[in-house]
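Undergrad: Just so it is clear: in the sequence shown, position 49 is 48 by numbering that gives the first Met the number 0, and no numbers are missing.
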Amino acid sequence: MNSLENYLLSLQLNNYNTSISQIVEIQIRTWQSLQSRSLYARELLETLQVTHYSLQQQHHELLKHVLSLLGYQTKQQHDNTLLIEHKRLAHWLNLS
């Protein structure tokens, strides 16, 4: 498995249904993994070459990559807003 797949497994997501609650759960778990200095998070950050980014920017990168792996499309809107789409679902997420 690659570092993104390992990281996704480490998040222990139990709900794979596309929903806003899943997006929020992913946001929380990616932040927690950074706070706890997860080995899988660090490996993925190295793969993405963003280890020199601020903690908030690292969180944004992890979040975008995990959501992408789950089939979501993300587009940066303004400074701290991320548009997340999946078929009939659209959600704006404040990243601050």
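Glycine included, each C-beta is placed from N, C-alpha and C at the ideal position.
Here the structure is a predicted model, which is why all the values come from computation and not from measurement.
Can you give me the start and stop residues for the alpha helix (DSSP H) that THR46 sits inside?
TA: Looking up residue 46 in the sequence shown gives position 47. 38 to 47 is the extent of the alpha helix (DSSP H) around THR46.
Undergrad: Determine whether the beta carbon atoms of THR73 and LEU62 lie at a separation below 9 Å.
TA: Translated into positions along the sequence shown, residue 73 becomes position 74. Translated into positions along the sequence shown, residue 62 becomes position 63. A contact, by the Cβ cut-off of 9 Å.
Undergrad: Which same chain residues, not among the five before or five after LEU43, have their C-beta less than 8 Å away from its C-beta?
TA: Here residue 43 refers to the residue found at position 44 when the sequence shown is read from its first residue. Same-chain partners within the cutoff: SER2, LEU3, ASN5, TYR6, LEU61, HIS64.
Undergrad: Can you check whether the CB of ILE27 is closer than 9 Å to the CB of LEU66?
TA: For this step, residue 66 is matched to residue 67 along the sequence shown. For this step, residue 27 is matched to residue 28 along the sequence shown. Contact: no.
Undergrad: Using a Cβ-Cβ cutoff of less than 8 Å, which residues in the same chain neighbour TRP30 once the five nearest sequence positions on both sides are dropped?
TA: Walking along the sequence shown from the start, residue 30 turns up at place 31. Answer for TRP30: HIS58, listed in chain order.
Undergrad: How would you call ILE83, buried or exposed, if buried means at least 16 neighbouring beta carbons within 10 angstroms?
TA: Locating residue 83 in the sequence shown gives position 84, where the first residue counts as 1. ILE83 comes out buried.
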